[in-house]
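The working numbering puts the first residue of the sequence shown at 148, with every later residue one more than the last.
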Amino acid sequence: MALFKDWQDFADKKSAEPGAEQYWTQYFLRERDFYEKLLKGEAPKSGTVQALADHFGVDIIEMTGYLDGINESLKAENDLENMTAETEVSLDYEPEKLYYNMVGAKAEWLYKLPQWDSILTEEKRKELYKAQKASTTIVKGPKVGRNDPCPCGSGKKYKKCCGR
Numbered sequence: 148m149a150l151f152k153d154w155q156d157f158a159d160k161k162s163a164e165p166g167a168e169q170y171w172t173q174y175f176l177r178e179r180d181f182y183e184k185l186l187k188g189e190a191p192k193s194g195t196v197q198a199l200a201d202h203f204g205v206d207i208i209e210m211t212g213y214l215d216g217i218n219e220s221l222k223a224e225n226d227l228e229n230m231t232a233e234t235e236v237s238l239d240y241e242p243e244k245l246y247y248n249m250v251g252a253k254a255e256w257l258y259k260l261p262q263w264d265s266i267l268t269e270e271k272r273k274e275l276y277k278a279q280k281a282s283t284t285i286v287k288g289p290k291v292g293r294n295d296p297c298p299c300g301s302g303k304k305y306k307k308c309c310g311r
């Protein structure tokens, strides 16, 4: 049984149901509790999916959702596609990468947790925040006018060279 596929189907089904917003609000609150324990160091660094779900007091499908969310921030990514209840998974995360990804996911309820104070300095968090925001900002180059020299370096006017 592929848990990751079950998680994706479950999430799609829940999103389509009436009252989905209420479910996801509750899910995000439980996710916040998960990350609070993880950041405090109260969580095991590895274990089976079922054991971790039991430790955090959530069902196995929801635990798969948490593993999906944190996977890119782990030191060694878990194989989500082939994961079963008895699969051994790791929760050994890289703090800077996790914070960066939380900012990228616009998960303010996660990257503003007070537990970050003891893990990353405020300067480092600001630096990671700015780096993430800058990575998604589109910067346009200067516009070349028709009568300006062509940027290709030919010496011709843009309208007579690359602007055709």
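Just so it is clear, CB atoms sit at the ideal spot from N, CA and C, and this is done for glycine as well.
- Query: Less than 9 Å separating the beta-carbons of LEU185 and TRP263?
  - Reply: no
- Message: So, for ASN225: in the same chain, excluding its five sequence neighbours on each side, which residues have a beta-carbon less than 7 Å away from its beta-carbon?
- Response: LEU214, ASN218, VAL236, SER237
- Message: Distance check for GLU189 and LEU199, CA to CA, integer angstroms please.
- Response: 12 Å
- For the stretch 201–216 against the stretch 258–275, are there 3 or more C-beta pairs whose distance is under 8 Å? no
- Do the CB positions of GLU228 and VAL196 come within less than 9 Å of each other? no
- Who are the Cβ neighbours of ALA323 in its own chain at under 8 Å, not counting the five residues just before and after it? It is not possible to answer for residue 323, since the shown part of the chain is limited to 148 through 311.
- Along the alpha helix (DSSP H) that carries THR234, what are the first and last residues, could you check? That residue, THR234, is in no alpha helix (DSSP H); it is neither H nor E in DSSP.
- Following the continuous alpha helix (DSSP H) through THR211, name the residue where it begins and the one where it ends. 207–217
- Task: Could you tell me whether the Cβ atoms of TYR240 and SER220 are closer together than 9 Å?
- Result: yes
- Verify whether the separation of the beta carbon atoms of MET230 and PHE151 is less than 9 Å. yes
- Message: Let me check understanding here. Comparing Cα to Cα, which of THR283, GLU183, LYS160 lies closest to ALA252?
- Response: THR283
- Alpha carbon to alpha carbon, how far is LEU257 from GLU274? Give it in angstroms, no decimals. 17 Å
- Item | Under the three-state DSSP convention, the category GLY251 falls into | helix
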